[in-house]
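Chains as they are written, first to last, in my numbering: chain V, 1 to 218; chain S, 1 to 216; chain Z, 1 to 191. C-beta: ideal position from N, C-alpha, C; glycine also. The block underneath contains the structure these notes are about, expressed in structure tokens.
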Amino acid sequence: MSAPTTKREDLLRGVWRENPVLVQLLGLCPTLAVTNTVANSLAMGLATFFVLLGSSILVSSVKRVVPHQVRISAYILIIATFVTMADLVLAAVVPEIHKALGAFIALIVVNCIILGRQEAFASKRPVGRSALDAIGSGGGFMVALLLMGTFRELLGSGSLLGVPLFGRGYEPWVVMILPPGGFLTLGGILLLLGWSRQRRGPQPRVRHWPHGVATRRA
Amino acid sequence: MTTEAPGARDVPSWRLLATLGVAGAVAGLLVVLVQGWAEPRIESHRAAVLQGAIMNVLGEPARYDTLYVTDAGLSRRPPPGIDAGSADRVYLGYDAAGHPVGYAITAAEPGFQDVIRLIFGYEPGSGEVLGMQVLENKETPGLGNKIEKDASFVAEFDGARAPLTGVKAGAGAGDPGEVDMITGATISSRAVIAIINHRLDRLEPLFRSYVAEGAP
Amino acid sequence: MAELAWILLSAMVVNNFTLALFLGLCPFMGVSARVATALRMGAANLFVLVITSVSVWFLNEYILSRAPYLRLIAFIVVIASLVQVVEMAIKKLSPALFRDLGIYLPLITTNCAILGLAIFQTNRGYGFLEGLFFAVGAGLGLALALVLMASIRQRTELSDVPALARGMGLVLVIAGGLSLAFMGFAGLLST
């Protein structure tokens, strides 16, 4: 077992250095699907954040009561409950965005990030730490989504948050808001990260994750 | 999915089931509570959108009635055995004096990319389409989805005589049934026209046999 | 009949689950390095999709019409149990097949394509046959995308890939190209 992590590490780890999307490559489905506008990215990020935080706290609270053999089913049940609640609230408060996000709100249930965090962290650590970890990972997910959303909306619609930025003469690069654009944008970001990693030269591989976190859940 | 943790104690089955049962019950309770809060808001929004669309395509009628499409014709009651929420229906609008102004009809069929859902107004007496509004589409942004966003295309449907024919912009002969299609989005435009024509083919006989109240 | 064919072809190529709807990406990125594995994963997915479609139809028809908001919880529970049952059945009936497919089956539970199919089928109000054709089309489309990606990746293994692109960067760019190519299928089925 690696050295115990500090509270600050638990909080900040997921935001950039071990970003769930850009580094661990989890939760790709919503990242590519809903980032065609910044507003959608924001809504999806917030919904996932809510589900992640709520379920991490709940899972950590009941971890002693839930027998080991049924833990995955219990976690999935907890996550599905939070997702249903988020879905209903979004539909009631922002129906237009709810329609734009469509089935992907419900698909938060199978977002590998959430189940991954419960299995690797929340089920083994106290409630406070699990909450910090969830905030960090949820924040990191939001960062990735906003990065993608900004890039795609700017090039694909010439606007940000619906506000046109380039004037009437701008011919939008429509493919950016279509499916290929999602793949190419994320690919581009990863290429950029790969390039900067290459520039920094070979680094000693220091893992700051507690044991079990590194498993890539498909 | 079941991985054995080292040293897992032998937990009695009733405990496993009880845990899941309790979890399920709590989950269900939470969802029902939030649903109770959210449902009225969702319903009122849905009703407002529908009402807005009907007003739009019928030219602001004073009120409208819901009529269900049954095998025997139009009726005020849904066909037996079918849930009222999912039954096929049209909306008959009346002006302030109580005269029927036309039917608001929803229709959906595959377009270029995926299904297009729209609502249009129709006056059986004159055979004219009163207006059209696209409710849902997944056509190509900037091209096909102009069927929803392009005001001049939507305006083409005001007063067009059914059955509609699509013509390239500027190439028409001035026929009352002609609709100018969007350049670069002819397939999506043609789909919209086809959706309206097909729906009218099916409903026209029902309109003829239905005597609306207040009709002269 | 034409409508059923439209549903199948639409799910398979025009609105491909992976390349247009972004479902089933995790196996797409993770499992697509070898054509043989891709084929097996595609077959396993197709199998689970078809069974899921039938179960979801059954659920919607008889149980969930009264409580639509409990839909998501019911779906995910059913899918998780289904995959568990299928895994046990294959293990018993054909140990050889289980050894080949074994590790992929549990992964399918968190595959967004399965839950996505359940949700789309419900939202579009598909009946039994329509749901079945939808599932077959989706499964074939998934398998197609997987196999295409795997064949390209097998080729690139022998190429000189720049260091910055090695790994997922290259895979995503290839996926972008595939997605762009599949956009050409739009309009295939319009009159």
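- Item | Cutoff 8 Å: leucine 20 (chain S) Cβ touching any chain V Cβ | Chain V, which has a Cβ nearer than 8 Å to the Cβ of leucine 20 (chain S), makes this yes.
- Measure the Cβ-Cβ separation of methionine 29 (chain Z) and leucine 115 (chain V) and say whether it is below 8 Å. No, the pair does not count as a contact, with Cβ atoms beyond the cut-off.
- For arginine 199 (chain S), does the count of other Cβ atoms within 10 angstroms reach 16, so buried, or fall short, so exposed? Counting C-beta atoms within 10 angstroms of its own C-beta, arginine 199 (chain S) has 16 or more neighbours from the protein chains shown and is therefore classed as buried.
- Just to confirm, are leucine 146 (chain Z) and alanine 38 (chain Z) a CB contact at a threshold of 8 Å? Yes, the Cβ-Cβ distance between leucine 146 (chain Z) and alanine 38 (chain Z) is below 8 Å.
- Task: Take the Cβ of aspartate 10 (chain V) as the centre, count every other Cβ of all protein chains shown within 10 Å, and call the residue buried at 16 or more, exposed below.
- Result: Per the 10 Å Cβ criterion, buried.
- Item | Candidates Z:Gly42, Z:Ser10, Z:Ala11, Z:Ile114, of which the one nearest methionine 149 (chain Z) by Cα | Ranking Z:Gly42, Z:Ser10, Z:Ala11, Z:Ile114 by Cα distance to methionine 149 (chain Z) puts Z:Gly42 first.
- Should the region 36-44 of chain S be regarded as contacting the region 70-79 of chain S, the criterion being three or more beta carbon pairs within less than 8 Å? No: the two stretches stay apart, fewer than three of their Cβ pairs being nearer than 8 Å.
- Query: Alpha carbon to alpha carbon, what distance is there between proline 179 (chain V) and glycine 167 (chain Z)?
  - Reply: Taking the CA atoms as reference points, glycine 167 (chain Z) sits about 21 Å from proline 179 (chain V).
- Message: In the DSSP assignment, the beta strand (DSSP E) including alanine 107 (chain S) goes from what residue to what residue?
- Response: Start and end: 100-110.
- Message: Given a cut-off of 8 Å on the beta-carbon distance, is the pair valine 48 (chain Z) and threonine 122 (chain Z) in contact?
- Response: No. Outside cutoff.
- Query: If we cut at 8 Å on Cβ distances, does isoleucine 152 (chain Z) have a partner in chain S?
  - Reply: In terms of beta-carbon proximity, isoleucine 152 (chain Z) stays away from the interface with chain S, with every pair separated by 8 Å or more.
- Query: Between glycine 162 (chain V) and tryptophan 16 (chain V), which are expected to be in contact by the criterion C-beta below 8 Å, what is the C-beta distance as a whole number of angstroms?
  - Reply: At roughly 28 Å, the Cβ-Cβ gap does not stay under 8 Å, so glycine 162 (chain V) and tryptophan 16 (chain V) are not in contact.
- Message: Check whether the region 83-95 of chain S and the region 104-116 of chain S are in contact - that is, three or more C-beta pairs closer than 8 Å.
- Response: For the pair of segments examined, the region 83-95 of chain S was found to touch the region 104-116 of chain S: the number of CB pairs separated by less than 8 Å reaches three.
- Message: With a threshold of 8 Å between beta carbons, is glutamine 24 (chain V) in contact with chain S?
- Response: By the rule that beta-carbons nearer than 8 Å mark a contact, glutamine 24 (chain V) does not touch chain S.
- If we cut at 8 Å on Cβ distances, does methionine 85 (chain V) have a partner in chain S? Closer than 8 Å to some Cβ of chain S, the Cβ of methionine 85 (chain V) qualifies, so yes.
- Expressed to the nearest angstrom, what Euclidean distance is found between the alpha-carbon atoms of leucine 117 (chain Z) and alanine 33 (chain V)? Rounded to the nearest whole angstrom, the C-alpha separation of leucine 117 (chain Z) and alanine 33 (chain V) is 15 Å.
- If you draw a straight line from the alpha carbon of serine 13 (chain S) to that of glycine 141 (chain Z), how long is it in whole angstroms? Rounded to whole angstroms, serine 13 (chain S) and glycine 141 (chain Z) show a C-alpha spacing of 41 Å.
- Min CB distance alanine 47 (chain S) to chain V below 8 Å: No, alanine 47 (chain S) does not count as interfacial toward chain V.
- Query: Mind checking if serine 61 (chain V) is an interface residue toward chain S, Cβ cutoff 8 Å exclusive?
  - Reply: No, serine 61 (chain V) does not count as interfacial toward chain S.
- In three-state DSSP terms, what is valine 57 (chain S)? Correct three-state label for valine 57 (chain S): helix.
- Task: For phenylalanine 22 (chain Z), name the three-state secondary structure that DSSP assigns.
- Result: The answer is coil: DSSP assigns phenylalanine 22 (chain Z) none of H, G, I, E or B.
- Query: Taking serine 151 (chain Z) as the reference, which of Z:Val35, Z:Phe17, Z:Ser10 has the closest Cα?
  - Reply: The closest CA to that of serine 151 (chain Z), considering only Z:Val35, Z:Phe17, Z:Ser10, is found on Z:Val35.
- Run of the alpha helix (DSSP H) containing arginine 197 (chain V), from where it starts to where it stops: Element bounds for arginine 197 (chain V): 179-200.
- CA-CA distance, threonine 52 (chain Z) and phenylalanine 134 (chain Z)? Going by the C-alpha atoms only, they are around 11 Å apart.
- Task: Report the three-state DSSP secondary structure of leucine 8 (chain Z) (helix, strand or coil).
- Result: Correct three-state label for leucine 8 (chain Z): helix.
- Query: What are the start and end residues of the beta strand (DSSP E) that includes glutamine 84 (chain Z)?
  - Reply: It is not in any beta strand (DSSP E) - glutamine 84 (chain Z) instead sits in the alpha helix (DSSP H) that spans 71-93.
- Message: Is asparagine 197 (chain S) close to chain Z? Criterion is C-beta to C-beta, closer than 8 Å.
- Response: It does not: the Cβ of asparagine 197 (chain S) has no partner Cβ on chain Z nearer than 8 Å.
- Between which two residues does the beta strand (DSSP E) carrying leucine 172 (chain Z) extend? According to the DSSP assignment, leucine 172 (chain Z) belongs to no beta strand (DSSP E) but to the alpha helix (DSSP H) extending over 168-182.
- Query: In chain order, which continuous runs of the beta strand (DSSP E) of length 3 or greater are located wholly inside the region 29-70 of chain Z?
  - Reply: Entirely contained in the region 29-70 of chain Z, not one beta strand (DSSP E) run reaches 3 residues.
- Does the region 142-158 of chain V come close enough to the region 63-83 of chain V that 3 or more CB-CB pairs lie under 8 Å? No: fewer than three Cβ pairs fall under 8 Å.
- Quick one: Cα of valine 21 (chain V) to Cα of phenylalanine 49 (chain V), how far? Near 14 Å, if we compare the C-alpha coordinates of phenylalanine 49 (chain V) and valine 21 (chain V).
- DSSP bridge partner residues for alanine 160 (chain S) (one or two, in chain order): DSSP lists S:Val129 as partners of alanine 160 (chain S).
- Task: In the DSSP assignment, find the unbroken beta strand (DSSP E) run with glutamate 178 (chain S) in it and report its ends.
- Result: Note, glutamate 178 (chain S): beta strand (DSSP E), 178-180.
- Task: Go through the region 106-135 of chain V residue by residue and report every complete run of the alpha helix (DSSP H) that reaches 4 residues or more, in order.
- Result: List check, alpha helix (DSSP H) in window: 112-117.
- Query: Which class does glycine 73 (chain S) belong to by DSSP, given the choice of helix, strand or coil?
  - Reply: Strand at glycine 73 (chain S).
- Query: Which of helix, strand or coil does DSSP assign to tyrosine 170 (chain V)?
  - Reply: Residue state, collapsed to three classes: coil.
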